[in-house]
Amino acid sequence: MTPGELKQLLADVGRGDLGVEAAHQRLLDHLRQAPYEDLGFARVDHHRSIRQGFPEVVFGLGKTPEQVAGVAERIVARGQLLLVTRADRAAFDAVARVVPGAVFHADARIVSHGRAAPPGHGTVMIVTAGTSDLPVAEEATVTAEVMGNEVDRLYDVGVAGLHRVLAESGRLAAARVIVVVAGMEGALPSVVSGLVDVPVIAVPTSVGYGAAFGGITALLAMLNSCATGVSVVNIDNGFGAAAIASTINHLS
């Protein structure tokens, strides 16, 4: 039972559409189900949405297509949303065989099924420094959309051509929370944060030449930002940034 289903159950009782005993039995049936399901190779956390507001997300990297599909099938069977990150075509093909209607977002490397409701209170903007940052940005974008947010993309506005981001100051100001994805020297989050009064979540990417050290240079630059309101997630972690942005956007 998802938080939304529980709320609907209480509303049905409040309106008199469902009796107390029937509602009680439905809750008991749910509570009798184990909070997790042991598949042998994985223990699927079916109560994750109750504790954290969104079902367990499957990290596809390192799992076989059959393992990804096995977990995905059990998540959807419980009536929950599905989000598989770092998935490839083979994993999607396996999921599609057991989850009709699953969607593969190739650029984001995500498999999804369903979308959260109700929507967030505003817009989550995803900003990138360059086109090379798109895979991480698309991971953030699709994650935010599946989590029930309106998303605005603002791509390829890095500091090498500062006029590009300055020209979009109106769109930046309209966002409720902004995710900024950048590699190389990682300067863009500081610039964006200096232009807006909303939270900025910085995502360093592994894009760059040798001294970028696989994203460590961008990570350290973002951690040392002098701009107010910048928080930082791990290298290439578009999913993590979107999850935080979605939580902020759903707060009243």
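For the sequence shown, our numbering assigns the number 1 to the initial residue and increments by one for each residue that follows. For glycine and all other residues, C-beta sits at the position ideal for the given N, C-alpha and C.
The beta-carbon separation of Leu251 and Val232, rounded to 20 Å, does not stay under the 8 Å limit for a contact.
Note on Gln80: 16 or more other CB atoms within 10 angstroms of its CB, so buried under the neighbour-count rule. Annotated three-state conformation of Val233 is coil, per DSSP. Shortest Cα-Cα distance from Arg109 to any of Pro189, Leu83, Ala96, Ser132 involves Leu83.
In this structure Asn234 is exposed. Its beta-carbon is surrounded by fewer than 16 other beta-carbon atoms within 10 angstroms.
Residue environment: Pro118 is assigned as exposed (fewer than 16 neighbouring CB atoms within 10 Å of its CB, all protein chains considered).
Counting only residues of its own chain and dropping the five nearest sequence neighbours on each side, Glu66 has a CB closer than 7 Å to the CB of Ala94. The three-state secondary structure of Met184, taken from DSSP, is coil. Ile75 has its alpha-carbon roughly 19 Å from the corresponding atom of Leu27. Taking the Cα positions, Pro199 is about 13 Å away from Val127. For Pro135, the uninterrupted alpha helix (DSSP H) segment begins and ends at 134–146. Annotated as proximal: Ser112 and Val142, with beta-carbon spacing under 8 Å.
In terms of Cβ geometry, Ala175 and Gly122 form a close pair [threshold 8 Å]. Under the three-state reduction of DSSP output, Phe54 falls in the coil class, being neither helix nor strand. Closest in alpha carbon position to Ala87, among Leu188, His105, Gly229, Val230, is His105. The alpha-carbon of Glu185 is positioned some 54 Å away from that of Asp29. Note that the C-beta distance between Val179 and Val203 is below 8 Å.
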